[in-house]
Structure formats: C-alpha cells, structure tokens
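**Q** Mind having a look at this structure? Questions to follow.
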Ligand code: ADP
Ligand code: ADP
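What follows is the structure, given as structure tokens:
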C-alpha cells in the first residue's frame with residue numbers, strides 16, 4: 011500500500027521578470043511504505059519544489075499530496091526534513107539541536123534517553139556538548155538527520171543532504187543512511203543530482219525533466235542488499 015500519494019500536482023512560480031515558471035507540471039507519484047526512493051534530475055527540474063510540498067512548506071496550485079491518507083497542509087512530525095546544509099541552530103549544542111526536533115512536537119518525556127540513543131546511532135558520542143561550528147560538515151548532516159528522525163517519522167525527506175560534502179564524507183554518510191533505513195524501515199525520499207548515489211541507495215528512482223518539471227521515468231532498482 012502507498013504511504014504517500016501525489017496526484018496531478020501543478021506548481022507555477024512568477025519570477026522577478028513576471029514570467030511564469032512551471033516548476034511542476036502534472037506530477038503524480040505513489041510512494042510505498044518502507045521504500046527508499048530517489049528523485050534525480052538536472053538543476054531546476056522541480057525536485058526541491060516537490061520535496062517542499064511533501065514537507066508542507068509550500069502548497070500546490072492544484073492536485074493533492076497525502077500521507078497515510080491525510081492531506082498534507084503543513085509540516086508535521088510524521089515527516090522529517092533534512093536540507094543540504096546549514097540547518098542546525100548555531101547557538102545550540104549537538105544534543106540540544108537534536109532535542110529541538112522533539113520540542114517541536116511538544117514532547118519532553120524520555121527526551122534525554124532518546125537524544126542519547128540518537129547520538130549513539132549517528133556515531134557522535136563525545137560531541138554532545140559541541141556547537142555546530144566545532145564539528146565537520148558530515149557530522150553536522152548526521153545531527154540534522156538525527157533531529158529529523160527523533161520523532162520517528164513515517165517518511166524522511168532529504169534534499170541533497172550530501173551535496174556539500176567531499177566524496178569520502180559522502181560515502182560515509184550514504185552508508186549511515188542505509189544503516190538507519192535498514193534498522194527502522196523509515197520511508198526515504200532522497201533528492202539528488204548524483205546518479206551513482208541514487209543507484210547505490212534506492213529501491214526506485216524517479217527521473218524528472220525541467221521546463222516544465224515533469225516525471226519522465228520511474229526505474230525500479232531493487233538492488234540485492236547484504
Ligand atoms: P531543483 O530542486 O530541481 O533544482 P527547484 O524546485 O528548485 O528545482 O526549481 C524548479 C523551477 O522553479 C526552477 O526553474 C526555479 O528557478 C523555479 N523556482 C523555484 N522556486 C522559485 C521561487 N520561489 N520563485 C520563482 N521561481 C522559483
Ligand atoms: P483531525 O481528526 O482533527 O483531522 P488528526 O490527528 O487526524 O486530526 O490529523 C491532524 C493532522 O495531522 C492531519 O491534517 C494530518 O496532516 C496529520 N496527521 C495525523 N496523523 C497522521 C498520520 N498518521 N500520518 C500522517 N499525518 C497525520
């Protein structure tokens with residue numbers, strides 16, 4: 011059964027020259043529960059727009075997006091969102107950044123053990139009291155992922171989370187992401203322009219083309235995983 015149902019979504023922007031930009035043109039997509047889906051395509055094809063709609067940070071002009079049968083209207087704890095970089099609160103420590111995900115939900119119980127568990131999971135033991143500027147870019151992305159996962163979302167939405175990392179750190183984070191996915195079976199939706207990354211990580215790959223932003227193909231990858 012589908013966790014996420016995207017049906018006939020259109021989204022047009024007006025640019026600074028008053029021209030219409032069709033960011034998404036009749037996009038429909040069903041995402042299975044527990045699937046690792048990647049969305050690839052050139053810059054400007056509408057990947058971020060689609061992810062922002064799923065996150066509830068933006069609304070379609072027409073069409074619908076739903077998760078678990080609930081229409082998506084705003085951000086919600088059942089959807090974690092990770093940006094490319096720089097999304098941590100610079101004035102909060104690693105553990106407080108992770109806990110800030112929980113606070114957004116208004117849940118304080120078991121906060122300490124939950125945060126400690128996620129710090130362990132992402133391999134940042136010893137960095138609990140560090141501030142974002144004191145850790146590497148790869149570590150910062152792990153923290154952002156932990157913050158998004160601590161609410162145990164049904165789906166994790168990832169917008170080029172490895173785009174700003176060097177190739178070694180990227181490979182490391184890809185494996186961490188696979189490990190977390192296998193562990194929790196969280197549905198993953200990854201936006202990337204890195205085809206190799208998509209093939210390495212995904213069950214399915216959606217290819218988008220720009221102007222207008224459309225899904226041109228959906229590939230089943232279903233790699234055997236050790
Ligand atoms: P991608 O993530 O694939 O690079 P985007 O979703 O960011 O693509 O953008 C899709 C298209 O919509 C692009 O042509 C982009 O310039 C345009 N666009 C995105 N956001 C806005 C905005 N806020 N105002 C105007 N145009 C936008
Ligand atoms: P109501 O019965 O007032 O609609 P709900 O708790 O059913 O309240 O839903 C409130 C909002 O929370 C919904 O609009 C939906 O976006 C979100 N929501 C609640 N439960 C889920 C869920 N299991 N999966 C996805 N979204 C949910």
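In UniProt numbering, the protein residues as written are 11 to 236.
For every residue, glycine included, the Cβ atom is placed at its ideal position computed from N, Cα and C.
Small disclaimer: the values here were computed from a predicted structure and weren't measured.
Using a Cβ-Cβ cut-off of 7 Å (strictly less than) and excluding sequence neighbours within five positions of residue 25, which residues of its own chain qualify?
**A** Contacts found: 31.
**Q** In this structure, how does DSSP classify residue 197 when only helix, strand and coil are distinguished?
**A** Three-state result, residue 197: strand.
**Q** Could you tell me whether the stretch 190-206 touches the stretch 220-233, where touching means 3 or more Cβ pairs closer than 8 Å?
**A** Touching, no.
**Q** In angstroms, rounded to a whole number, what distance separates the CA positions of residue 191 and residue 46?
**A** Answer to the nearest angstrom: the Cα atoms are 8 Å apart.
**Q** Between residue 21 and residue 165, what straight-line distance do the alpha-carbon atoms span, to the nearest angstrom?
**A** The straight-line gap from Cα to Cα measures roughly 22 Å.
**Q** Which word fits residue 136, buried or exposed, when buried means at least 16 other C-beta atoms lie within 10 angstroms of its C-beta?
**A** Burial call: exposed.
**Q** Applying the criterion that 16 or more other CB atoms from any shown protein chain within 10 Å of the CB defines a buried residue, is residue 107 buried or exposed?
**A** Under this definition residue 107 is a buried residue.
**Q** If you measure from the CB of residue 33, is any heavy atom of ligand 1 nearer than 7 Å?
**A** True, at least one ligand heavy atom lies under 7 Å from that Cβ.
**Q** Counting Cβ pairs closer than 8 Å, one from the stretch 139-149 and one from the stretch 84-91, do we hit at least three?
**A** Short answer: they don't touch.
**Q** Can you grab the Cα-Cα spacing for the pair residue 78 / residue 206, in whole Å?
**A** Computed Cα separation, rounded: 30 Å.
**Q** Whole-angstrom Cβ separation of residue 167 and residue 61, contact assumed at under 8 Å?
**A** So it is a contact: roughly 5 Å between Cβ atoms.
**Q** Looking at C-alpha atoms only, which residue of 84, 53, 76 is the closest neighbour of residue 224?
**A** Comparing Cα-Cα distances from residue 224 to each of 84, 53, 76, the minimum goes to 53.
**Q** Determine the DSSP secondary structure at residue 34, reduced to helix, strand or coil.
**A** Residue 34 falls in the strand class under three-state DSSP.
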